[in-house]
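Reviewing the structure listed below.
Number of protein chains: 2
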Amino acid sequence: MPESFKLSIIFVTSNINKAKEIENVLSTYDISIVVSQIKKREIQSEDIGEIARESALYAYQTLKKPLFVEDAGLFVKILNGFPGPYSSFVYKTIGVDGVLKLMFGQSNREAEFISQIAYINEEGSLKLCRGSCEGTIAEEARGCGGFGFDPIFIPKGCSKTFAEMSVVEKNMFSHRAKAARLLASMLLEEYK
Amino acid sequence: MPESFKLSIIFVTSNINKAKEIENVLSTYDISIVVSQIKKREIQSEDIGEIARESALYAYQTLKKPLFVEDAGLFVKILNGFPGPYSSFVYKTIGVDGVLKLMFGQSNREAEFISQIAYINEEGSLKLCRGSCEGTIAEEARGCGGFGFDPIFIPKGCSKTFAEMSVVEKNMFSHRAKAARLLASMLLEEYK
Numbered sequence: 266m267p268e269s270f271k272l273s274i275i276f277v278t279s280n281i282n283k284a285k286e287i288e289n290v291l292s293t294y295d296i297s298i299v300v301s302q303i304k305k306r307e308i309q310s311e312d313i314g315e316i317a318r319e320s321a322l323y324a325y326q327t328l329k330k331p332l333f334v335e336d337a338g339l340f341v342k343i344l345n346g347f348p349g350p351y352s353s354f355v356y357k358t359i360g361v362d363g364v365l366k367l368m369f370g371q372s373n374r375e376a377e378f379i380s381q382i383a384y385i386n387e388e389g390s391l392k393l394c395r396g397s398c399e400g401t402i403a404e405e406a407r408g409c410g411g412f413g414f415d416p417i418f419i420p421k422g423c424s425k426t427f428a429e430m431s432v433v434e435k436n437m438f439s440h441r442a443k444a445a446r447l448l449a450s451m452l453l454e455e456y457k
Numbered sequence: 266m267p268e269s270f271k272l273s274i275i276f277v278t279s280n281i282n283k284a285k286e287i288e289n290v291l292s293t294y295d296i297s298i299v300v301s302q303i304k305k306r307e308i309q310s311e312d313i314g315e316i317a318r319e320s321a322l323y324a325y326q327t328l329k330k331p332l333f334v335e336d337a338g339l340f341v342k343i344l345n346g347f348p349g350p351y352s353s354f355v356y357k358t359i360g361v362d363g364v365l366k367l368m369f370g371q372s373n374r375e376a377e378f379i380s381q382i383a384y385i386n387e388e389g390s391l392k393l394c395r396g397s398c399e400g401t402i403a404e405e406a407r408g409c410g411g412f413g414f415d416p417i418f419i420p421k422g423c424s425k426t427f428a429e430m431s432v433v434e435k436n437m438f439s440h441r442a443k444a445a446r447l448l449a450s451m452l453l454e455e456y457k
């Protein structure tokens, strides 16, 4: 960890892409992360915030140190919020092509990415940071950056998909970067 | 509860259809069920057995009495096991029509329903009973019996979908009935 970083916090995740995106945001606040890959336990819920909260509490039982976890999902309006909290499983099974097949012929392509960061501090008290990004589902997959459903998500006001952006560019729009900036403000307030 | 029933056991579920199907099987062994609708906590996992086990342990913490829970899923081969453990959420969002759309033009229509019953006895020890039913995904939805994806599942060797069968007929083939018969044998052995 470079000496210039004043603050360092544990991020429990096995997703290296998430770590890169959040690290990029937090580094601008002089906050660094230490990635822990301990096994997470995630509950089934339609509420991303509830999943993140329970997951953080479970990880805290093991690590007993300040930490945060992040849970996210893509909610497609015409599909009643599918794939939502199960975006990762849906990506692994039917993938981008499956979602495009479900959206074939749909004129309403509105969607929202939601991210919830659950942070537990020294005293064991928990706080949630929520970020969201509205957009549309592309007609076809484009780009090879990012991960998951990034190749078919176009943030509002953009023409590129998330997968056609660099990490820095994606972080100007993304749900995860918004949640990470809230986390940064909270951490700076707590450790000022 | 009729006097003729010797054994009675708590089934934690909010799904009345599941209760009816399992009740029909267990009654032939003179075992009755008492439905408890306490809030379940289900974890995210690709293993139905793990979900059922954790869910039963959680319910046992509250009820502290012998009980069972059941978890089930539809695993479509060409969709890499989708919707699997998240069948209930997928049914609520994209529904039967969504799965038919994903299967449009697919010649391989093999699928499997899997059920896992997790039973905890007086001493708090847990056992799993697994049942499965192989079949195919129908070209279109048929029938109005059953629940969930029953209108598009045709068990191997049948021409009818699960939704075109009565409870008794469905129980001759179903994953859930097979798991329930294993549970019955286990209970009769335990309380003989």
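Same order as they appear, the protein sequences are chains A and B.
The first sequence stops at residue 457 when you use this note's numbering, and every number in between is there.
The second sequence stops at residue 457 when you use this note's numbering, and every number in between is there.
Positions of the beta carbon are idealized from the N, C-alpha and C atoms, including for glycine.
(message) Quick check on ARG374 (chain B): does DSSP put it in helix, strand or coil?
(response) The sequence position of residue 374 (chain B) within the second sequence is 109, counting from 1. ARG374 (chain B): coil per DSSP, three-state reduction.
(message) Could you give the first and the last residue of the continuous beta strand (DSSP E) run that contains LYS392 (chain A)?
(response) Along the first sequence, one-based indexing puts residue 392 (chain A) at 127. Start and end: 391-402.
(request) Report yes or no: is there a C-beta of chain A within less than 8 Å of the C-beta of GLY314 (chain B)? (result) For the purposes of this step, residue 314 (chain B) is taken as the residue at position 49 of the second sequence. No, because no Cβ of chain A sits closer than 8 Å to the Cβ of GLY314 (chain B).
(request) Assign PHE427 (chain A) to one of three DSSP states: helix, strand, or coil. (result) Against the first sequence, residue 427 (chain A) aligns to sequence position 162. PHE427 (chain A) falls in the helix class under three-state DSSP.
(message) Cβ closer than 8 Å: which chain B residues qualify as neighbours of ARG318 (chain A)?
(response) Along the first sequence, one-based indexing puts residue 318 (chain A) at 53. In chain order: nothing, as chain B lies at least about 13 Å away.
(request) Check each candidate in B:GLY346, B:PHE354, B:VAL341, B:LEU344 and name the one with the smallest Cα separation from ASN345 (chain A). (result) The count along the first sequence starts at 1 and reaches residue 345 (chain A) at position 80. ASN345 (chain A) has its Cα closest to that of B:PHE354, out of B:GLY346, B:PHE354, B:VAL341, B:LEU344.
(request) With 8 Å as the threshold, decide whether the Cβ of TYR356 (chain A) is near any Cβ in chain B. (result) Locating residue 356 (chain A) in the first sequence gives position 91, where the first residue counts as 1. No, TYR356 (chain A) does not count as interfacial toward chain B.
(request) Can you grab the Cα-Cα spacing for the pair LYS392 (chain A) / GLN326 (chain A), in whole Å? (result) Counting from 1 along the first sequence, the entry for residue 392 (chain A) is found at position 127. Counting from 1 along the first sequence, the entry for residue 326 (chain A) is found at position 61. For LYS392 (chain A) and GLN326 (chain A), the distance between alpha carbons rounds to 16 Å.
(request) State buried or exposed for TYR351 (chain B), treating a residue as buried only when at least 16 other CB atoms are found within 10 Å of its CB. (result) The residue given as residue 351 (chain B) occupies position 86 in the second sequence. Buried is the call here.
(message) Beta-carbon within less than 6 Å of PHE378 (chain A)'s beta-carbon, same chain only, minus the 5 sequence neighbours each way: which residues are those?
(response) As a position in the first sequence, residue 378 (chain A) is number 113, starting the count at 1. Hits under 6 Å: LEU339, CYS398, HIS440.
(request) Spatial neighbours of MET368 (chain B) within its chain, please: CB distance less than 8 Å, with the 5 preceding and 5 following residues excluded, ordered by chain position. (result) If you number the second sequence from 1, residue 368 (chain B) lands on position 103. Residues of the same chain with a CB within less than 8 Å of the CB of MET368 (chain B), apart from the 5 flanking positions on each side, are VAL341, ILE343, LEU344, ARG374, ILE402 in chain order.
(request) May I ask you to list the residues that DSSP assigns as paired with TYR351 (chain B)? (result) For the purposes of this step, residue 351 (chain B) is identified with residue 86 of the second sequence, where counting begins at 1. Looking at the DSSP assignment, TYR351 (chain B) forms no beta bridge with any residue, so it has no partner.
(message) Rounded to whole angstroms, what is the Cα-Cα separation between ILE238 (chain A) and ALA337 (chain A)?
(response) There is simply no residue 238 (chain A) to check, as chain A begins at 266 and stops at 457 in what is shown.
(message) Quick check: is the beta carbon of ALA442 (chain B) nearer than 8 Å to any beta carbon in chain A?
(response) Numbered from its first residue, the second sequence carries residue 442 (chain B) at position 177. Taking Cβ atoms only, chain A never reaches closer than 8 Å to ALA442 (chain B), which makes this a no.
(message) Restricting to Cα atoms, I'd like to know which of B:PRO331, B:PHE427, B:TYR294, B:LEU448 is closest to ALA406 (chain B).
(response) Within the second sequence, numbered from 1, the residue matching residue 406 (chain B) stands at position 141. Residue B:PHE427 is the option with its Cα nearest to ALA406 (chain B).
(request) Say whether the region 355-363 of chain B touches the region 294-309 of chain B, bearing in mind that this needs 3 or more beta-carbon pairs closer than 8 Å, one atom from each stretch. (result) no
(request) Would you kindly work out how many angstroms separate the C-alpha atoms of ARG318 (chain A) and GLY396 (chain A), rounded to a whole number? (result) One-based indexing of the first sequence puts residue 318 (chain A) at position 53. One-based indexing of the first sequence puts residue 396 (chain A) at position 131. The straight-line gap from Cα to Cα measures roughly 15 Å.
(request) Just mark THR278 (chain B) as buried or exposed, buried being the case when its beta carbon has 16 or more other beta carbons within 10 Å. (result) Within the second sequence, the letter at position 13 stands for residue 278 (chain B). Buried, because 16 or more other Cβ atoms sit within 10 Å of the Cβ of THR278 (chain B).
(request) Verify whether the separation of the beta carbon atoms of CYS394 (chain B) and LEU328 (chain B) is less than 8 Å. (result) Indexing the second sequence from 1 puts residue 394 (chain B) at position 129. Indexing the second sequence from 1 puts residue 328 (chain B) at position 63. Contact: no.
(message) For ILE298 (chain B) and GLY349 (chain B), what's the separation of their Cα atoms in angstroms?
(response) As a position in the second sequence, residue 298 (chain B) is number 33, starting the count at 1. As a position in the second sequence, residue 349 (chain B) is number 84, starting the count at 1. Looking at the two C-alpha atoms, the distance is approximately 27 Å.
(request) Would you list, in sequence order, the uninterrupted beta strand (DSSP E) runs of no fewer than 3 residues that lie entirely inside the region 306-357 of chain B? (result) 332-341, 347-349
(message) Can you tell me where the alpha helix (DSSP H) holding SER292 (chain B) begins and where it ends?
(response) Indexing the second sequence from 1 puts residue 292 (chain B) at position 27. Counting along the chain, the alpha helix (DSSP H) containing SER292 (chain B) begins and ends at 281-292.
(request) Can you tell me which of the three DSSP states SER301 (chain A) falls into? (result) Residue numbering aside, residue 301 (chain A) sits at position 36 when the first sequence is read from its first letter. It is a strand residue.
(message) Checking the sheet assignment: what are the DSSP bridge partners for LEU272 (chain B)?
(response) Taking the first residue of the second sequence as 1, we reach residue 272 (chain B) at position 7. Bridge partners of LEU272 (chain B): B:ILE296.
(request) Mind checking the region 395-424 of chain B against chain A and listing, in chain order, the residues whose C-beta falls within less than 8 Å of any C-beta there? (result) none
(request) Name, going along the chain, the residues of the region 327-349 of chain B whose beta-carbon falls closer than 9 Å to a beta-carbon of chain A. (result) VAL341, LEU344, ASN345, GLY346, PHE347, PRO348, GLY349
(message) I need the straight-line Cα distance from PHE333 (chain A) to ILE385 (chain A), nearest angstrom please.
(response) Working through the first sequence from its first residue, we reach residue 333 (chain A) at position 68. Working through the first sequence from its first residue, we reach residue 385 (chain A) at position 120. About 6 Å.
(message) Against chain B, does GLN371 (chain A) count as a neighbour if the rule is that its beta carbon must be under 8 Å from one of theirs?
(response) Reading the first sequence from its first residue, position 106 is the one you call residue 371 (chain A). Not an interface residue.
(request) Indicate whether at least one CB of chain A lies closer than 8 Å to the CB of GLY363 (chain B). (result) Taking the first residue of the second sequence as 1, we reach residue 363 (chain B) at position 98. Closer than 8 Å: yes.
(message) When you compare the CB of GLU307 (chain A) with every CB in chain B, is at least one pair closer than 8 Å?
(response) On the first sequence, position 42 is the one that residue 307 (chain A) refers to. Yes - at least one Cβ of chain B is within 8 Å of the one on GLU307 (chain A).
(request) Per DSSP, which residues does PHE420 (chain B) bridge with? Please list them. (result) Mapped onto the second sequence, residue 420 (chain B) falls at position 155. Position check: residue 420 (chain B) holds Pro in this sequence, whereas Phe was assumed. The partner list for PRO420 (chain B) (beta bridge, DSSP) reads B:GLY400.
(message) Checking 8 Å against the spacing of the C-beta atoms, do PRO416 (chain B) and PHE438 (chain B) come in under that value?
(response) Counted from its first residue, the second sequence places residue 416 (chain B) at position 151. Counted from its first residue, the second sequence places residue 438 (chain B) at position 173. No, they are not a contact pair.
(request) Please report the residue range of the alpha helix (DSSP H) in which GLU454 (chain A) lies. (result) The residue given as residue 454 (chain A) occupies position 189 in the first sequence. Note, GLU454 (chain A): alpha helix (DSSP H), 440-455.
(request) Please say whether SER380 (chain B) and GLU444 (chain B) have beta carbons closer to each other than 8 Å? (result) Here the question's residue 444 (chain B) lines up with position 179 in the second sequence. Here the question's residue 380 (chain B) lines up with position 115 in the second sequence. At residue 444 (chain B) the sequence reads Ala, which differs from the Glu that was named. Contact: yes.
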